[in-house]
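Here the working numbering is used: the first residue of the sequence shown is 2, the next is one more, and so on.
Using N, Cα and C, we set each Cβ at its ideal position, and we do this for glycine too.
Nothing here was measured: the structure is a model prediction, and the numbers come from that model.
Below is one structure, written out as structure tokens; the observations come after it.
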Amino acid sequence: LRVRKIMLRRSCSTILSNNVVGCSSTIGTSNINALQPSRLLNLKSNRNSSRNFQAFTNNDIAQRHFSSKTDSGETAPFDLSVKLKQRTRAAESCRQYYNQYIQSQTTTAQQQQHQDIKKPILPYDYFHKEVAQRLIERLDDICVREEGFPLALEVGGGAEFVHNAIIDGCDDDLMLELDDDGAEYAGGRGGVTKLVQMDSCSAMIHRDDAFVETKSKDGKDSTICETYKLVADLENKALPFPDGTFDLVVSSMAFHWVNDLPRLLSEIERVLKPDGCLLFAVPGGNTLPELRSTLVLSELERTGGVSTHVGPYIDLSNIGSLLTGTGFQLPTIDIDDIQIGYPNAMVLMEHLARMGEGNACMSRRDRVGLGTFVGAACLYRELYAAEEGNYSEGIVASAQVIYGIAWKEHESQQKPLDRGSGTLKMTDISVTKTSADGEQA
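Printed below as a string of structure tokens:
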């Protein structure tokens with residue numbers, strides 16, 4: 002046991018004292034470069050390193066408080082008050098990054114001329130941005146109506162990922178010249194001209210208000226897709242819209258933090274117009290299995306017990322029955338298996354926290370020691386190291402993204418025939434076997 006402690010402390014010093022240079026993320030066939038994250042910790046290795054590290058661990062355990070007691074949410078899987086604080090903290094850190102960037106890029110001449118500053122690329126937006134792009138690409142396949150989906154609702158809007166994906170690729174060919182005084186756009190992808198963004202976190206939904214995407218023609222700016230932002234409770238109250246309001250409802254990486262998902266889907270079905278479409282992306286059950294298993298092993302070795310750290314996520318086999326059970330028709334489901342490379346597990350957990358995707362389960366421990374996380378990082382490096390050729394040293398994190406399309410019932414949709422209305426029998430079907438050389442067997 003003494004030898005194991007010494008080896009673990011050496012591994013801890015190696016992980017915590019290294020500078021994190023960068024993170025190369027590979028999603029599907031696309032290469033996405035994650036920018037340099039902040040340095041995790043810088044503990045210099047010296048004669049008293051073990052004593053300093055032990056003192057730091059004890060103080061950290063005493064100060065960490067990961068849960069809040071609630072009386073009414075004992076059966077709910079997630080603590081929504083904690084999740085709201087996590088997302089607010091992530092949004093505020095992005096705002097600070099924005100403010101520093103604007104101050105560094107703004108000159109006196111720009112301030113006098115009121116010139117716009119281009120929006121920077123945040124180091125932790127790569128995953129949500131890529132999923133939103135892949136989700137909105139499906140609008141090009143399902144939009145068969147001439148008018149498209151003019152009025153859309155985004156549930157769990159968060160930052161501007163879905164809005165930016167809708168207006169991405171729009172050019173002057175989409176502009177309709179009305180008169181000499183101005184012009185307007187026909188809309189973004191899927192014919193979306195107005196997007197209502199609704200979220201329970203005010204800080205997250207207003208995170209990117211300082212940067213507005215516009216198109217310019219002949220010196221005049223026009224908005225491709227208008228947006229209206231609304232802060233509302235998605236969990237305990239009905240959606241604040243009348244029946245049959247929207248042509249399209251979109252949700253990107255938001256359903257997995259909802260306690261009562263069937264109730265929310267029923268509300269979405271209510272506010273959709275007949276033949277309206279629901280388009281969503283949600284993490285699947287096979288998301289972050291490496292992090293889950295290493296945290297379980299580390300916590301079991303440290304404390305002798307196990308608590309929830311990752312998930313729970315909805316399983317692929319339950320999506321279809323969930324959609325049909327809430328009144329949707331013609332569900333279509335497909336998945337993407339995504340692998341992302343990181344230098345170590347500490348960087349992975351830092352990115353999850355900065356995305357607002359930290360642990361908010363009701364069954365989590367009140368306090369988790371730093372040693373559990375460091376032990377999990379060591380196990381992660383040993384068990385799930387990146388293969389040579391894919392990533393240059395580091396680890397791999399797996400994510401399963403489930404994409405779903407469903408429609409509100411309409412008389413124009415195809416329906417199965419009534420039971421017993423068939424005119425052919427299976428025995429009447431003739432089967433002809435053909436060999437490889439083309440001769441009938």
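Contact set for residue i: own chain, Cβ-Cβ below 6 Å, skip 5 residues either direction
{"i": "residue 298", "result": "380"}
{"i": "residue 357", "result": "87, 88 and 91"}
{"i": "residue 266", "result": "327"}
{"i": "residue 212", "result": "120"}
{"i": "residue 149", "result": "191 and 192"}
{"i": "residue 287", "result": "401"}
{"i": "residue 144", "result": "191"}
{"i": "residue 242", "result": "272"}
Range of the contiguous beta strand (DSSP E) that encloses residue i
{"i": "residue 230", "result": "227-232"}
{"i": "residue 278", "result": "273-284"}
{"i": "residue 323", "result": "Premise fails: residue 323 lies in the alpha helix (DSSP H), 317-326, not in any beta strand (DSSP E)."}
Three-state class that DSSP yields for residue i in the structure shown
{"i": "residue 425", "result": "coil"}
{"i": "residue 457", "result": "This structure cannot speak to residue 457, because the chain is shown only from 2 to 442."}
{"i": "residue 375", "result": "helix"}
{"i": "residue 250", "result": "strand"}
{"i": "residue 409", "result": "strand"}
{"i": "residue 435", "result": "strand"}
{"i": "residue 263", "result": "helix"}
{"i": "residue 386", "result": "strand"}
{"i": "residue 181", "result": "The predicted position of residue 181 is uncertain, since its pLDDT is 41 and thus under 50; no value can be drawn from it."}
{"i": "residue 331", "result": "strand"}
{"i": "residue 309", "result": "coil"}
{"i": "residue 148", "result": "coil"}
{"i": "residue 136", "result": "helix"}
{"i": "residue 193", "result": "coil"}
{"i": "residue 287", "result": "coil"}
Residue range of the alpha helix (DSSP H) that includes residue i
{"i": "residue 162", "result": "162-168"}
{"i": "residue 296", "result": "290-304"}
{"i": "residue 155", "result": "Premise fails: residue 155 lies in the beta strand (DSSP E), 152-156, not in any alpha helix (DSSP H)."}
{"i": "residue 142", "result": "140-143"}
{"i": "residue 356", "result": "Note, residue 356: premise wrong, no alpha helix (DSSP H); not H, not E."}
{"i": "residue 203", "result": "203-206"}
Bridge-paired residues (DSSP) for residue i
{"i": "residue 362", "result": "79"}
{"i": "residue 343", "result": "396"}
{"i": "residue 337", "result": "402"}
{"i": "residue 198", "result": "155 and 230"}
Proximal residues to residue i (C-beta, below 7 Å), its chain only, five neighbours per side dropped
{"i": "residue 247", "result": "152, 153, 154, 272, 273, 274 and 277"}
{"i": "residue 402", "result": "132, 282, 284, 285, 336, 337 and 339"}
{"i": "residue 364", "result": "308 and 309"}
{"i": "residue 345", "result": "16, 378, 382, 395 and 396"}
Beta-carbon proximity check, residue i vs residue j, cutoff 8 Å
{"i": "residue 395", "j": "residue 387", "result": "yes"}
{"i": "residue 156", "j": "residue 269", "result": "yes"}
{"i": "residue 377", "j": "residue 295", "result": "yes"}
{"i": "residue 226", "j": "residue 164", "result": "yes"}
{"i": "residue 240", "j": "residue 198", "result": "no"}
{"i": "residue 493", "j": "residue 209", "result": "What is shown of the chain runs 2 to 442, which leaves residue 493 out entirely."}
{"i": "residue 324", "j": "residue 280", "result": "no"}
{"i": "residue 405", "j": "residue 303", "result": "no"}
{"i": "residue 206", "j": "residue 189", "result": "no"}
{"i": "residue 496", "j": "residue 84", "result": "No information on residue 496 is available, as it lies outside the stretch 2 to 442 that the chain covers here."}
{"i": "residue 293", "j": "residue 312", "result": "yes"}
Cβ-based neighbour list, residue i, same chain, cut-off 8 Å, excluding 5 preceding and 5 following
{"i": "residue 260", "result": "74, 77, 78, 79, 81 and 236"}
{"i": "residue 426", "result": "none"}
{"i": "residue 263", "result": "323, 326 and 327"}
Proximity test, residue i beta-carbon vs the ligand PLP heavy atom, cut-off 7 Å
{"i": "residue 132", "result": "Ligands displayed in this structure: none; no statement on the ligand PLP is therefore possible."}
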